[in-house]
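Quick note, my numbering runs 559 ahead of the 1-based positions in the sequence shown.
Built from N, CA and C at the ideal position, the CB exists for glycine as well.
For clarity, every value in this text was computed on a predicted model and none was experimentally measured.
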Amino acid sequence: MKTFDELYAELTERARTRPADSGTVTALDAGVHAQGKKVLEEAGEVWIAAEHESDERLAEEVSQLLYRVQVLMIGRGVSMDDVYRYL
Ligand SMILES: N=c1c2ncn([C@@H]3O[C@H](COP(=O)(O)OP(=O)(O)OP(=O)(O)O)[C@@H](O)[C@H]3O)c2ncn1[C@@H]1O[C@H](COP(=O)(O)O)[C@@H](O)[C@H]1O
């Protein structure tokens, strides 16, 4: 188990060290357009799960949306502090 901030730190480290087997590196290399499409795709899956699926499935879809948002943030160079300023 990990927190939102711990995942962000882990993904930032993946971006820095670029391990060959990292899906995050592949997603970052795909560029911001592809990253944005993934955010939208996962947001849609969250919506569908909220209306039609179990709490467990919803939680899983939310986790994937958070992951995709973090990939987009790292792709654009937006930090957690940049976001927290607006919360
Ligand atoms: N939390 C996640 C995570 N959530 C979602 N995903 C990716 O998103 C996919 C699921 O999304 P989709 O519904 O689009 O599934 P899919 O269509 O089968 O996947 P694609 O073919 O589109 O890649 C998963 O198969 C993963 O590739 C994640 N990939 C990685 N992480 C975590 O990120 C960290 C770094 O991972 P790596 O970069 O792979 O080392 C690790 O802690 C991982 O647990």
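Per-residue DSSP class, three states only, for residue i
i	result
E612	coil
L625	helix
M560	coil
A579	coil
Y643	helix
V637	coil
A551	The question about residue 551 has no answer here: the residues shown for the chain are numbered 560 through 646.
Local Cβ density within 10 Å of residue i, reported as buried at 16 or more and exposed below that
i	result
V630	buried
M560	exposed
T576	exposed
R635	exposed
L587	buried
V583	Before going on, a small fix: residue 583 reads as Thr here, not Val. Under this definition T583 is a buried residue.
Y645	exposed
*Residues with C-beta closer than 5 Å to any heavy atom of ligand 1, in chain order*: Cβ atoms closer than 5 Å to ligand 1 belong to R573, S581, G582, T583, Q623 and Y626.
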